[in-house]
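Sequence lines, in order, name chains Z and C. Heads up: the first sequence runs through residues 563 to 841, numbered per my numbering. Heads up: the second sequence runs through residues 106 to 635, numbered per my numbering. Note that beta-carbon positions come from the ideal geometry of N, C-alpha and C, so glycine has one too. Below: one structure, written as C-alpha cells.
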Amino acid sequence: MEIGKKLKKIKFSSGVKKLSRYRRHRFAGPALLVVALISLGATFQVASALPSTTKMETTAQSTLIEEGKRIFAQGCSSCHGLNAEGGGIAPSLIGVGAASVDFQVGTGRMPMADMSQQAMRKTPIYNAEQTAALAAYVASLAPGPDVINEAQLTYERDGNTAQGGELFRTNCAMCHNFAGQGGALTQGKYAPTLMGVDARHIYEAMITGPQSMPVFSDKTITPEEKLSIIKWIKAAENEPNLGGASLGRVGPVTEGLLVWSLGLGLLIGIAVWLTAKAR
Amino acid sequence: MSKAERIGGNVASYVDDRTGAAKWLRKNLTKVFPDHWSFMLGEIVLYSFIILLLSGTFLTFWFDPSQRDVIYQGSYEPLKNIEMSASYASTLHISFDVRGGLLMRQIHHWAALIFMAGMIAHLMRVFFTGAFRKPREANWLIGIGLVTLGIVEGFLGYSLPDDLLSGTGIRIAEAIIQALPVVGTYLSFFAFGGAFPGHVFIPRIFTVHVLLLPGIFLALITIHLMLVWYQKHTQYPGPGRTEKNVVGYPLMPIYMAKAGGFFFIVFGITAFLGAVASINPIWLYGPYNPGQISAGSQPDFYMGWLDGLVRMAPPIETHAFGHTISWNILIPGLIIPGVLFTLMALYPFIESWMTGDKSEHHLLDRPRNNPNRTALGAMSLAFMLVILINGGNDVIATHFDLTINQIMWFTRIGVLVIPPITFVIAKRICLSLQRADREKVLHGRETGRLVMLPHGEFIEVHEELTPAQKFTLTQHEQGTALEVPNVDTNGVLNPQGLKGKLRARFSQAHVEQISAPTETEAKALEGGHH
Numbered sequence: 563m564e565i566g567k568k569l570k571k572i573k574f575s576s577g578v579k580k581l582s583r584y585r586r587h588r589f590a591g592p593a594l595l596v597v598a599l600i601s602l603g604a605t606f607q608v609a610s611a612l613p614s615t616t617k618m619e620t621t622a623q624s625t626l627i628e629e630g631k632r633i634f635a636q637g638c639s640s641c642h643g644l645n646a647e648g649g650g651i652a653p654s655l656i657g658v659g660a661a662s663v664d665f666q667v668g669t670g671r672m673p674m675a676d677m678s679q680q681a682m683r684k685t686p687i688y689n690a691e692q693t694a695a696l697a698a699y700v701a702s703l704a705p706g707p708d709v710i711n712e713a714q715l716t717y718e719r720d721g722n723t724a725q726g727g728e729l730f731r732t733n734c735a736m737c738h739n740f741a742g743q744g745g746a747l748t749q750g751k752y753a754p755t756l757m758g759v760d761a762r763h764i765y766e767a768m769i770t771g772p773q774s775m776p777v778f779s780d781k782t783i784t785p786e787e788k789l790s791i792i793k794w795i796k797a798a799e800n801e802p803n804l805g806g807a808s809l810g811r812v813g814p815v816t817e818g819l820l821v822w823s824l825g826l827g828l829l830i831g832i833a834v835w836l837t838a839k840a841r
Numbered sequence: 106m107s108k109a110e111r112i113g114g115n116v117a118s119y120v121d122d123r124t125g126a127a128k129w130l131r132k133n134l135t136k137v138f139p140d141h142w143s144f145m146l147g148e149i150v151l152y153s154f155i156i157l158l159l160s161g162t163f164l165t166f167w168f169d170p171s172q173r174d175v176i177y178q179g180s181y182e183p184l185k186n187i188e189m190s191a192s193y194a195s196t197l198h199i200s201f202d203v204r205g206g207l208l209m210r211q212i213h214h215w216a217a218l219i220f221m222a223g224m225i226a227h228l229m230r231v232f233f234t235g236a237f238r239k240p241r242e243a244n245w246l247i248g249i250g251l252v253t254l255g256i257v258e259g260f261l262g263y264s265l266p267d268d269l270l271s272g273t274g275i276r277i278a279e280a281i282i283q284a285l286p287v288v289g290t291y292l293s294f295f296a297f298g299g300a301f302p303g304h305v306f307i308p309r310i311f312t313v314h315v316l317l318l319p320g321i322f323l324a325l326i327t328i329h330l331m332l333v334w335y336q337k338h339t340q341y342p343g344p345g346r347t348e349k350n351v352v353g354y355p356l357m358p359i360y361m362a363k364a365g366g367f368f369f370i371v372f373g374i375t376a377f378l379g380a381v382a383s384i385n386p387i388w389l390y391g392p393y394n395p396g397q398i399s400a401g402s403q404p405d406f407y408m409g410w411l412d413g414l415v416r417m418a419p420p421i422e423t424h425a426f427g428h429t430i431s432w433n434i435l436i437p438g439l440i441i442p443g444v445l446f447t448l449m450a451l452y453p454f455i456e457s458w459m460t461g462d463k464s465e466h467h468l469l470d471r472p473r474n475n476p477n478r479t480a481l482g483a484m485s486l487a488f489m490l491v492i493l494i495n496g497g498n499d500v501i502a503t504h505f506d507l508t509i510n511q512i513m514w515f516t517r518i519g520v521l522v523i524p525p526i527t528f529v530i531a532k533r534i535c536l537s538l539q540r541a542d543r544e545k546v547l548h549g550r551e552t553g554r555l556v557m558l559p560h561g562e563f564i565e566v567h568e569e570l571t572p573a574q575k576f577t578l579t580q581h582e583q584g585t586a587l588e589v590p591n592v593d594t595n596g597v598l599n600p601q602g603l604k605g606k607l608r609a610r611f612s613q614a615h616v617e618q619i620s621a622p623t624e625t626e627a628k629a630l631e632g633g634h635h
C-alpha cells in the first residue's frame with residue numbers, strides 16, 4: 563500500500579514537473595495561440611449556431627434517417643429490398659411516404675407475421691421512435707404523404723358527425739359495413755373493423771390506401787370531410803347499444819341465429835314443460 | 106243459490122232460449138285435444154300473429170309511410186340535419202322520441218321472426234309426422250299459402266322504414282321483378298311508379314303490409330283453425346288411440362288454461378327479446394340512398410335462402426331480340442323458388458300417388474316409420490340450409506376467417522351433393538331406429554345391469570317393455586309396394602309406360618322398412634334364453 567501511494571505521488575509530481583519544464587519551450591507560445599484560436603473559433607461556432615437550429619436538426623434528421631435505414635435493413639429489407647426497391651413478394655416503398663409507414667408499422671401490420679391474404683392489425687413490434695425513424699427513412703427516398711400529427715386531428719372541433727356519417731355510408735360502408743365493423747372482400751381479403759383504431763391511423767389509411775383500400779385524396783374527400791368521417795367513426799364506436807345487446811352490429815344473420823336458438827328454443831322448452839305428463 | 110248465481114243463471118237461460126247456445130257450447134267446450142309439445146308449434150305462430158297485430162297497430166300511430174324528403178330534426182345526433190324520407194324519419198321518431206317506441210319496434214320485429222320460425226317448425230312437424238295426409242290436404246295447402254305470404258309480409262315490413270338495408274332489399278326485389286323476360290321492366294315501372302326508387306313504393310307496400318296481407322292472414326288462419334276443429338286434431342299412435350277417436354284433454358278447462366297461459370308466455374319471451382336484444386338498428390344503417398350500400402347487407406333469415414341462391418348463381422345472361430334475359434337472377438330468384446314451393450304444396454298428392462294410399466289418416470307416423478318421407482324432408486332441409494349458408498357467406502367469412510370464394514364454391518357444389526347424401530343417411534338412420542325398436546320389442550330394454558350367474562356367466566338384464574310400449578312400437582302400418590303390371594291382359598308391355606315404372610319404383614322405395622315383430626316372433630322368443 564505505502565509503496566503504491568509513493569509510486570503514484572512520484573508519477574504525478576514528475577508529470578507536473580514535465581509540463582513546467584516545457585513552459586519555456588520555444589514552441590510553447592505558438593501552441594498556446596493555436597489552442598486559444600481553436601477554442602475561440604469553436605465557441606463562436608456554437609454561439610452563432612444556437613439561434614438557428616436548422617443545421618442541428620438536419621444532423622438530427624440525418625441521424626434519424628440513419629437509424630431508420632438501420633432498422634429497415636434489419637427488419638424490412640428481406641422482403642422490401644435493401645434499398646426499399648421492392649421484390650417479388652413485397653412492393654417498392656419508394657414514394658409511399660411517411661404516412662404509409664406510420665400506418666403500416668404503427669398498427670402492427672408491418673412487419674407481416676405471415677404471408678397470408680393480407681396484413682392484419684396486431685400489437686406493433688416497433689415503438690414510436692423506431693416507427694418515426696423508419697418513416698423518416700422511407701420519406702427520404704422520395705416525397706410522399708407525411709405523417710399526420712396530433713395538431714391536424716381536430717375532428718372533435720372541426721368535424722360534423724352527421725355529415726361524416728353520410729360520407730362514411732357513401733365511401734366506406736360498402737366494405738367496412740354500416741357501423742364500421744368490417745366486411746369480407748374476395749379471396750379471403752377483408753376490410754377490417756374500424757373500432758379501436760387511432761384517429762391518426764384512420765386518417766393515414768384514407769390518404770395512403772393500404773392494401774385493398776383505395777386512396778381518398780384531398781380532392782375526393784377534403785381534409786375537413788376526413789375529420790368528419792373520423793368523428794362519426796368515433797361516435798359509432800362510443801355509441802351505447804341503444805336497443806340492447808348489439809349482436810355484433812352485422813345485420814340480420816345474428817338476429818336469425820338468436821331467434822332459432824334462444825327464441826324458439828325457449829318456446830319449445832316451455833311447450834315441452836306444459837305438455838309433460840304430471841307425475 | 107246465491108244472488109249472483111241466480112242472476113247468472115237467468116242471463117244464461119235468456120241467451121240460451123234465444124240462440125240455443127248451450128248445446129253448442131257444451132259440445133265445443135268439451136272438445137278433446139291430444140297433448141304433445143309439437144302440437145303447440147302452431148300455437149306459437151298464432152300468438153305471435155296476435156302480438157304482431159297489437160304491436161303493429163301501435164307502430165302505425167306514428168309511422169308516416171311517405172317517401173317525401175324531410176330534414177331530420179329529432180333527438181338522434183348522428184343523423185341531425187340529414188335529408189331522408191318521412192318514413193325513415195318517423196321510424197327514428199318512434200325509436201327515440203316515442204315512449205316505449207323502440208321496445209315496440211323490437212317486439213314487432215322479433216315477433217315477426219318468431220312467427221316465421223314457428224311456421225317453419227310447425228310445417229316440419231306436419232310434414233315429418235304425415236299429418237298432411239287425407240283428409241288434411243286442404244289445410245296443408247292453406248299452410249303453404251301462409252308461409253309464402255309470411256315471407257312476403259315479412260319482407261314488406263323489413264322494407265318499410267326505408268333505411269339503407271331495407272332499400273337495398275327493395276333494390277334486389279326490383280332486380281328480380283325486372284328479370285322476368287319481356288314484362289319485367291313494365292312490371293317494375295308499375296310497381297315503383299316510374300324509375301327506382303320513386304315516391305310511391307313505400308306508401309303502396311304500407312297498405313299491403315298493414316291492410317291487405319293481415320286481412321288475408323286473418324281469413325286463412327281462421328279457415329286453418331276451423332278445419333282443425335272440424336277435422337279434429339291428429340294424434341300420435343299409442344294404446345287406446347285409433348283412427349276413429351281422439352285421446353286427450355277437453356278444451357275447457359285444461360286447454361283454455363294451457364293455451365291461454367302459453368299466449369302470455371309467448372308474449373313474455375317476445376317482449377324479453379325486444380327488451381334485451383337489438384334488432385334492425387335502423388339508426389345505424391342510415392337513410393336509404395341508391396348510391397350507398399353496406400358490406401354484409403342481408404335479408405331476414407326467411408329470405409336468406411333466396412339471397413343465397415342468387416349469390417351462388419353464375420353470371421349468365423343472353424341477349425335476344427333487343428331483350429336481356431338475366432338467367433343468373435331469373436333461375437335462382439324466380440324459377441327455383443317457384444318449383445320448390447309448388448313441389449312442397451303438391452307433396453300430399455305426390456305422396457298419395459307414389460304409395461297409392463287413398464285412405465284417411467288421423468294417427469300420425471313416427472318419422473322413423475316412414476323412412477322415405479323423412480329422408481325427403483331431411484334432403485329438402487339440407488338444401489335450404491346449404492343455400493342459407495351462402496346467403497350469409499360474407500358474415501361467415503369475416504367471423505370464421507374463411508374466404509368468401511371458398512364458401513361460395515362449397516355451397517355451389519354442396520347444394521348438389523349434400524342433399525342426396527343427406528337423403529341416404531336419413532333413410533339409413535330411420536331404418537336403424539326401426540331395427541332398434543324391433544330389438545327392444547323382442548328382447549326388452551337394456552338396463553345396463555350386469556349379473557353374474559352361479560356358473561360364472563355374465564348376462565345383461567333386459568327389461569321387458571310394457572304391453573303399451575310394445576303396442577306403440579309395433580302398431581305402424583307395414584305398406585306393400587304397388588303392383589304395376591309388366592304386361593296387361595292383351596299382352597302389351599308396360600301398359601302404364603314410363604309413368605307406371607316410375608310409380609312402381611317410388612312405391613318400392615316408400616315401403617322399404619324393417620318389418621315390425623309379429624306376435625309369433627315374440628312368442629317364439631318367450632321362455633327362450635336371451
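In chain C, which residues lie less than 9 Å from residue i when you measure between Cβ atoms?
i                      : result
glycine 727 of chain Z : Pro183, Leu184, Ile187, Gly391
Could you check how far apart the C-beta atoms of residue i and residue j are, in whole angstroms? I think they sit under 8 Å.
i                       : j                         : result
valine 821 of chain Z   : isoleucine 219 of chain C : 6 Å
arginine 473 of chain C : leucine 538 of chain C    : 4 Å
leucine 536 of chain C  : isoleucine 619 of chain C : 6 Å
leucine 439 of chain C  : alanine 284 of chain C    : 7 Å
arginine 401 of chain C : glycine 813 of chain Z    : Per the sequence presented here, residue 401 of chain C reads as glycine, with arginine not at that position. With 8 Å as the limit, glycine 401 of chain C and glycine 813 of chain Z qualify as a contact, their Cβ atoms being about 6 Å apart.
valine 315 of chain C   : glycine 161 of chain C    : 7 Å
Candidates the options: which alpha carbon is nearest residue i's?
i                            : options                                : result
leucine 804 of chain Z       : C:Gly223, C:Leu389, C:Glu242, C:Met459 : C:Leu389
leucine 445 of chain C       : C:Asp462, C:Asn599, C:Leu411, C:Pro419 : C:Leu411
arginine 471 of chain C      : C:Met229, C:Gly248, C:Asn186, C:Leu208 : C:Met229
alanine 694 of chain Z       : Z:Leu789, Z:Pro705, Z:Ile633, Z:Pro772 : Z:Ile633
phenylalanine 406 of chain C : C:Pro358, C:Leu451, C:Ile225, C:Ile455 : C:Ile225
serine 624 of chain Z        : Z:Gly591, Z:Val700, Z:Glu718           : Z:Val700
isoleucine 430 of chain C    : C:Gly289, C:Lys545, C:Gly379, C:Ala483 : C:Gly289
arginine 210 of chain C      : C:Ile156, C:Tyr360, C:Val150           : C:Ile156
methionine 489 of chain C    : C:Leu521, C:Tyr354, C:Ala376, C:Ala296 : C:Leu521
isoleucine 247 of chain C    : C:Val305, C:Leu323, C:Ile275           : C:Leu323
Mind checking residue i: buried by the 16 CB within 10 Å criterion, or exposed?
i                         : result
histidine 560 of chain C  : exposed
arginine 241 of chain C   : buried
tyrosine 335 of chain C   : exposed
leucine 595 of chain Z    : exposed
alanine 660 of chain Z    : buried
tryptophan 129 of chain C : exposed
valine 742 of chain Z     : What sits at residue 742 of chain Z in the sequence shown is glycine, not valine. The residue is buried, with at least 16 neighbouring Cβ atoms inside 10 Å.
aspartate 666 of chain Z  : Sequence check: residue 666 of chain Z is glutamine here, not aspartate. Flag for glutamine 666 of chain Z reads buried.
serine 107 of chain C     : exposed
methionine 677 of chain Z : exposed
alanine 463 of chain C    : The sequence given here places lysine at residue 463 of chain C; alanine does not occur at that position. Exposed, by the Cβ-count rule.
Cβ of residue i versus every heavy atom of the ligand HEM: is any distance shorter than 8 Å?
i                            : result
phenylalanine 528 of chain C : No copy of the ligand HEM appears in this structure; indeed no ligand is present at all.
Could you work out which residues of chain C lie near residue i, taking near to mean beta carbons separated by less than 7 Å?
i                        : result
glutamine 749 of chain Z : Thr508, Asn510
Which residues in chain Z sit within 8 Å of residue i, going by Cβ to Cβ distance?
i                            : result
leucine 207 of chain C       : Leu804, Gly805
phenylalanine 367 of chain C : Ile832, Ala833, Leu836
Applying a beta-carbon distance threshold of less than 7 Å, which residues of chain Z neighbour residue i?
i                      : result
proline 404 of chain C : Pro814
serine 160 of chain C  : Within chain Z, no residue comes near serine 160 of chain C; the closest Cβ sits about 15 Å away, beyond 7 Å.
Could you list which residues in chain Z have their beta carbon closer than 9 Å to that of residue i, in chain order?
i                         : result
asparagine 278 of chain C : Note that residue 278 of chain C is alanine in the sequence shown, not asparagine. Here the premise fails: no neighbours, minimum Cβ distance about 15 Å.
Determine which residues of the region 503-517 of chain C have a Cβ less than 7 Å from any Cβ of chain Z, and write them out in chain order. Thr503, Thr508, Ile509, Asn510
Residues, ordered as in the chain, of the region 812-830 of chain Z that lie near chain C by beta-carbon distance below 7 Å: Val812, Gly813, Pro814, Val815, Glu817, Gly818, Leu820, Val821, Trp822, Gly825, Leu826, Leu828, Leu829, Ile830
According to a CB-to-CB cut-off of less than 9 Å, which residues of the region 135-147 of chain C neighbour chain Z? Asp140, His141, Trp142, Ser143, Phe144, Met145, Leu146
By the 7 Å beta-carbon criterion, what residues does the region 715-741 of chain Z contribute toward chain C? Thr723, Ala724, Gly727, Glu728, Arg731, Thr732, Ala735, Met736, Cys737, His738, Asn739, Phe740, Ala741
What are the residues in the region 748-773 of chain Z lying within 7 Å of chain C by C-beta distance? Thr748, Gln749, Gly750, Tyr752, Ala753
Which residues, in chain order, does the region 642-660 of chain Z contribute to contact with chain C at a C-beta distance below 9 Å? none
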